[in-house]
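Engineer: Take this structure, written in structure tokens, and hold onto it; I'll ask about it next.
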Amino acid sequence: MALACILLINATAYAEESPGKDEAAFLKIGVGARATGMGNGFSAIADDTSAMYYNPAGLVHISSPCVSTMYNQWIGGLIHGAITYVNPCFKQSAIGIGAVYLGTNGIPRYDEIGSSASSGEYKAYNASFNCAYAFHFTRGISFGMNIKGIQEKIDNEEADGFAIDFGQLYHTPIEGLSLSTVVQNVGSDMRFKDAAYKLPTCYKLGIAYRFPDYPLLLGCDWTKPLNNKWKINAGFECKVMNTLALRGGFDSQLFEDLNGGGLNLGFGFPLGPYTVDYALVPTKRIGNTHRVSIGMPLGRNESITTDEYE
Numbered sequence: 055m056a057l058a059c060i061l062l063i064n065a066t067a068y069a070e071e072s073p074g075k076d077e078a079a080f081l082k083i084g085v086g087a088r089a090t091g092m093g094n095g096f097s098a099i100a101d102d103t104s105a106m107y108y109n110p111a112g113l114v115h116i117s118s119p120c121v122s123t124m125y126n127q128w129i130g131g132l133i134h135g136a137i138t139y140v141n142p143c144f145k146q147s148a149i150g151i152g153a154v155y156l157g158t159n160g161i162p163r164y165d166e167i168g169s170s171a172s173s174g175e176y177k178a179y180n181a182s183f184n185c186a187y188a189f190h191f192t193r194g195i196s197f198g199m200n201i202k203g204i205q206e207k208i209d210n211e212e213a214d215g216f217a218i219d220f221g222q223l224y225h226t227p228i229e230g231l232s233l234s235t236v237v238q239n240v241g242s243d244m245r246f247k248d249a250a251y252k253l254p255t256c257y258k259l260g261i262a263y264r265f266p267d268y269p270l271l272l273g274c275d276w277t278k279p280l281n282n283k284w285k286i287n288a289g290f291e292c293k294v295m296n297t298l299a300l301r302g303g304f305d306s307q308l309f310e311d312l313n314g315g316g317l318n319l320g321f322g323f324p325l326g327p328y329t330v331d332y333a334l335v336p337t338k339r340i341g342n343t344h345r346v347s348i349g350m351p352l353g354r355n356e357s358i359t360t361d362e363y364e
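Per this note's numbering, the sequence shown starts with residue 55, numbered consecutively.
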């Protein structure tokens with residue numbers, strides 16, 4: 055916690071120059087319909103496979119091997135998807151692997167400026183390949199890290215890099231209350247030819263509260279991007295009849311950038327052995343985006359139980 059506070063102080067010392075000009079900006083897009091439906095205020099919750107992308111320390115609270123996939127119809131016809139596998143291992147630890155993709159099927163190529171006739175198509179995509187490890191440190195406290203290999207390609211231009219996320223999750227002695235600190239996307243610059251671009255490094259403080267006697271979960275993250283100002287992600291999840299989960303959330307960055315966007319909605323329900331989640335992010339300027347996630351357990355693992363961390 056002290057280390058995270060020091061990093062946050064250092065981050066605020068930077069002038070907020072060139073916001074939004076980071077490379078690998080696709081890493082800012084939320085992964086997982088459940089977390090997105092809650093406004094991406096998820097780092098202090100982090101209790102499913104999407105913990106790998108919000109706070110890898112939460113992976114220790116997954117008690118059985120599981121896999122999840124996500125499809126996101128992103129803006130401008132872009133396709134955003136992810137697949138994640140998490141497996142508890144040894145005792146009180148877990149590993150995870152995953153991949154995230156953002157790309158387009160084809161962009162018209164024009165050989166001359168102002169030409170109305172295209173000469174074919176070219177592709178552009180962004181991808182990250184993730185490997186995470188989390189372990190239980192002491193009563194109520196877990197740590198985790200996620201190592202990412204990053205690749206970006208636009209036609210014949212390509213850039214590669216790597217980044218690391220560090221996360222901490224603390225289930226406090228107060229029943230239902232958890233706190234988190236996360237540092238994301240610390241790593242090498244992405245380089246296209248002679249130009250180098252920094253990664254979208256950010257620092258997070260999170261808090262969540264699960265009501266002991268009511269099926270309501272609240273989460274909130276305060277995020278400080280390295281080259282931008284503070285933003286807030288907050289949301290809730292309420293279960294009806296212990297089956298249907300209703301969600302809502304708010305993203306202050308989207309609200310500011312899109313002049314009225316920022317409200318996220320979602321729901322989830324079990325379907326046999328599967329868990330299905332949906333999230334809607336409506337905006338006035340660029341239309342609506344839709345996410346669907348499907349999760350499935352692959353077996354039982356009794357080596358880890360949630361009670362060991364409470």
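Where is the CB? At the ideal position from N, CA and C, for every residue including glycine.
Give the single residue among Phe191, Asn141, Gly130, Gly135 whose Cα lies nearest to the Cα of Pro119.
Structural biologist: On the sequence shown, residue 119 is found 65 positions in, with the first residue counted as 1. The shortest Cα separation from Pro119 among Phe191, Asn141, Gly130, Gly135 belongs to Asn141.
Engineer: Decide yes or no for the touch test of the region 288-306 against the region 260-280: beta carbon pairs closer than 8 angstroms, at least 3 of them.
Structural biologist: The region 288-306 is in contact with the region 260-280.
Engineer: Could you check whether Ser97 and Lys258 sit closer than 7 angstroms to each other, using their CB atoms as the reference points?
Structural biologist: Sequence index remark: in the sequence shown, residue 258 carries index 204 (1-based). Sequence index remark: in the sequence shown, residue 97 carries index 43 (1-based). Yes; because the gap between Cβ atoms is below 7 angstroms, this pair is in contact.
Engineer: Looking at the unbroken beta strand (DSSP E) that takes in Thr297, where does it start and where does it end?
Structural biologist: Along the sequence shown, one-based indexing puts residue 297 at 243. Per DSSP, Thr297 belongs to no beta strand (DSSP E) and is neither H nor E.
Engineer: According to DSSP, Ser196 sits in a beta bridge with which residue or residues?
Structural biologist: The sequence position of residue 196 within the sequence shown is 142, counting from 1. Answer is His190, Leu223, bridged to Ser196.
Engineer: Any chance the region 209-223 sits against the region 139-155, with 3 or more Cβ pairs inside 8 angstroms?
Structural biologist: Taking 8 angstroms as the limit for Cβ pairs, the verdict is that the region 139-155 does not touch the region 209-223.
Engineer: Give the DSSP bridge partners of Ser234, in chain order.
Structural biologist: Along the sequence shown, read from residue 1 onward, the residue named residue 234 stands at position 180. In the DSSP output, where bridge partners are listed per residue, Ser234 has Leu223, Gly260.
Engineer: Could you say if the region 77-95 and the region 318-335 meet the contact criterion of at least three C-beta pairs nearer than 8 angstroms?
Structural biologist: Taking 8 angstroms as the limit for Cβ pairs, the verdict is that the region 318-335 does touch the region 77-95.
Engineer: Using 10 angstroms around the beta-carbon of Tyr328, count the other beta-carbons present and answer buried if the total reaches 16, otherwise exposed.
Structural biologist: Taking the sequence shown and counting its residues from 1, one reaches residue 328 at position 274. Tyr328 should be labelled exposed.
Engineer: Quick check on the burial criterion: 16 or more other C-beta atoms within 10 angstroms. Buried or exposed for Ser347?
Structural biologist: The residue labelled residue 347 in the question sits at position 293 within the sequence shown. When all chains shown are included, Ser347 counts as buried.
Engineer: Which whole-angstrom value is the C-beta distance of Asn200 and Met106, which I expect to be below 8 angstroms?
Structural biologist: The count along the sequence shown starts at 1 and reaches residue 200 at position 146. The count along the sequence shown starts at 1 and reaches residue 106 at position 52. Asn200 to Met106, Cβ: 6 angstroms. Contact.
Engineer: Can you look up Pro119 in the DSSP assignment and give me helix, strand or coil?
Structural biologist: Counting from one through the sequence shown, the residue named residue 119 turns up at place 65. Three-state result, Pro119: coil.
Engineer: Alpha carbon to alpha carbon, how far is Gly198 from Leu298?
Structural biologist: Locating residue 198 in the sequence shown gives position 144, where the first residue counts as 1. Locating residue 298 in the sequence shown gives position 244, where the first residue counts as 1. Using only the alpha carbons, I get a separation of about 30 angstroms.
Engineer: Note down the Cα distance separating Asp305 from Trp284, rounded to an integer number of angstroms.
Structural biologist: Sequence index remark: in the sequence shown, residue 305 carries index 251 (1-based). Sequence index remark: in the sequence shown, residue 284 carries index 230 (1-based). Their backbone Cα atoms lie some 11 angstroms apart in a straight line.
Engineer: Which residues does DSSP pair with Met106 in a beta bridge?
Structural biologist: For the purposes of this step, residue 106 is taken as residue 52 along the sequence shown, with counting starting at 1. Answer by DSSP bridge pairing: none, since Met106 is not bridged.
Engineer: Taking Ala250 as part of the beta strand (DSSP E), name the residues at either end of that continuous run.
Structural biologist: Counting from 1 along the sequence shown, the entry for residue 250 is found at position 196. Ala250 -> beta strand (DSSP E) spans 249-251.
Engineer: Reducing DSSP to helix, strand and coil, say where Thr360 ends up.
Structural biologist: Position 306 of the sequence shown, counted from the start, is the residue given in the question as residue 360. Residue placement at Thr360 is poorly supported in this model, since its pLDDT is 38, which falls under 50; the coordinates are not used for a value here.
Engineer: Give the DSSP-derived three-state secondary structure of Gly112 in the structure shown.
Structural biologist: On the sequence shown, position 58 is the one that residue 112 refers to. Three-state DSSP puts Gly112 in a helix.
Engineer: Could you give the first and the last residue of the continuous alpha helix (DSSP H) run that contains Gly91?
Structural biologist: Against the sequence shown, residue 91 aligns to sequence position 37. Unbroken alpha helix (DSSP H) run through Gly91: 87-91.
Engineer: Applying the criterion that 16 or more other CB atoms from any shown protein chain within 10 Å of the CB defines a buried residue, is Arg193 buried or exposed?
Structural biologist: Taking the sequence shown and counting its residues from 1, the one referred to as residue 193 is at position 139. Exposed.
Engineer: Compute the Euclidean distance between the alpha carbons of Ala67 and Pro279, then round it to the nearest angstrom.
Structural biologist: For this step, residue 67 is matched to residue 13 along the sequence shown. For this step, residue 279 is matched to residue 225 along the sequence shown. Only weak support is given to the placement of Ala67: the predicted model assigns it a pLDDT of 48, under 50, and the value that follows is read from those uncertain coordinates. About 12 angstroms.
Engineer: Give me the residue from Tyr108, Trp128, Ser104 with the minimum Cα distance to His344.
Structural biologist: What you label residue 344 is simply residue 290 of the sequence shown in a count that begins at 1. Out of Tyr108, Trp128, Ser104, Trp128 has the C-alpha closest to the C-alpha of His344.
Engineer: Taking the alpha-carbon of Gly84 as reference, which of Leu156, Ile204, Val121, Leu233 has the nearest alpha-carbon?
Structural biologist: Counting from one through the sequence shown, the residue named residue 84 turns up at place 30. Ranking Leu156, Ile204, Val121, Leu233 by Cα distance to Gly84 puts Leu156 first.
Engineer: Following the continuous beta strand (DSSP E) through Thr138, name the residue where it begins and the one where it ends.
Structural biologist: As a position in the sequence shown, residue 138 is number 84, starting the count at 1. Start and end: 133-143.
Engineer: Quick check on Ile218: does DSSP put it in helix, strand or coil?
Structural biologist: Mapped onto the sequence shown, residue 218 falls at position 164. Three-state DSSP puts Ile218 in a strand.
Engineer: Write down the C-beta distance between Ser182 and Lys202 rounded to the nearest angstrom, noting that I regard them as a contact closer than 8 angstroms.
Structural biologist: Looking up residue 182 in the sequence shown gives position 128. Looking up residue 202 in the sequence shown gives position 148. The pair is a contact, with the Cβ atoms about 5 angstroms apart (cut-off 8 angstroms).
Engineer: Grab me the residues of Gly341's own chain with a C-beta within less than 8 angstroms of its C-beta, minus the 5 sequence neighbours each way, in chain order.
Structural biologist: Within the sequence shown, the letter at position 287 stands for residue 341. Cβ neighbours of Gly341 beyond the five flanking positions: Ile129.
Engineer: Could you give the distance in angstroms between the alpha-carbon of Glu356 and the alpha-carbon of Gly112?
Structural biologist: Within the sequence shown, the letter at position 302 stands for residue 356. Within the sequence shown, the letter at position 58 stands for residue 112. In this prediction, Glu356 has a pLDDT of 46, which is less than 50 and means its spatial position is unreliable; what the coordinates show is noted afterwards. One C-alpha to the other measures close to 17 angstroms.
Engineer: Considering just the uninterrupted stretch of the beta strand (DSSP E) at Arg245, what are its terminal residues?
Structural biologist: By one-based count along the sequence shown, residue 245 stands at place 191. Unbroken beta strand (DSSP E) run through Arg245: 244-246.
Engineer: What is the DSSP secondary structure of Ala333, counted as helix, strand or coil?
Structural biologist: For this step, residue 333 is matched to residue 279 along the sequence shown. Note: Ala333 maps to strand in three-state DSSP.
Engineer: In chain order, what residues of the same chain have a beta carbon less than 7 angstroms from the beta carbon of Ala87, not counting five sequence neighbours either side?
Structural biologist: Counting from one through the sequence shown, the residue named residue 87 turns up at place 33. Cβ within range, chain order: Met124, Gly320, Asp331, Tyr332, Ala333, Arg345, Val346, Ser347.
Engineer: Is the beta carbon of Asn126 sitting closer than 7 angstroms to the one on Gly152?
Structural biologist: Translated into the one-based positions of the sequence shown, residue 126 becomes position 72. Translated into the one-based positions of the sequence shown, residue 152 becomes position 98. Going by C-beta atoms, Asn126 is not nearer than 7 angstroms to Gly152.
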